[in-house]
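In what follows, a single structure is set out as structure tokens and then discussed.
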Amino acid sequence: MKISEVKGAVTLEQLKQMDGQRVLVPETCNLYGGFGMVDTVRERVDAIDDNIFFGSFRFSDYGKTWIAVADPFGTLEVEE
Numbered sequence: 012m013k014i015s016e017v018k019g020a021v022t023l024e025q026l027k028q029m030d031g032q033r034v035l036v037p038e039t040c041n042l043y044g045g046f047g048m049v050d051t052v053r054e055r056v057d058a059i060d061d062n063i064f065f066g067s068f069r070f071s072d073y074g075k076t077w078i079a080v081a082d083p084f085g086t087l088e089v090e091e
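Take 12 as the starting number for the sequence shown in the numbering used here and just add one per residue.
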């Protein structure tokens with residue numbers, strides 16, 4: 012799948028307002044996807060599903076090399 016074919020992707024502006032929320036980074040021709048958590052302080056999405064191919068994605072590359080879809084299951088609660 013190409014980035015342009017991803018349905019329901021959030022905009023970068025929306026992503027920047029989703030700190031601490033889980034998103035899905037769909038697998039495309041160029042990368043492996045998986046669930047990640049939005050970190051607006053570091054301006055990236057970090058892997059949360061132990062997928063070794065999915066490290067983190069920087070906001071600066073959003074829409075160029077990766078895209079995110081809002082998690083249909085809602086906000087992920089993280090226990091500390």
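For every residue, glycine included, the Cβ atom is placed at its ideal position computed from N, Cα and C.
Would you list the one or two residues that DSSP bridges to residue i?
i, result
"LEU35", "PHE46, VAL80"
Go to residue i, then tell me how far its beta strand (DSSP E) extends in each direction, as first and last residue.
i, result
"ARG55", "55-58"
"PHE68", "67-69"
Just confirm the distance between the C-beta atoms of residue i and residue j, as a whole number of angstroms; I'd bet it's less than 8 Å.
i, j, result
"ASP82", "LEU35", "6 Å"
"GLY47", "PRO37", "Wrong, their Cβ atoms sit about 11 Å apart, outside the cutoff."
At a Cβ threshold of 8 Å, is residue i touching chain B?
i, result
"VAL80", "Of the protein chains in this structure there is only one, and it is not chain B."
What separation, rounded to the nearest whole angstrom, lies between the Cα atoms of residue i and residue j?
i, j, result
"ASP50", "LYS18", "23 Å"
"ALA20", "LEU42", "16 Å"
The alpha helix (DSSP H) with residue i in it runs from where to where?
i, result
"GLN25", "23-26"
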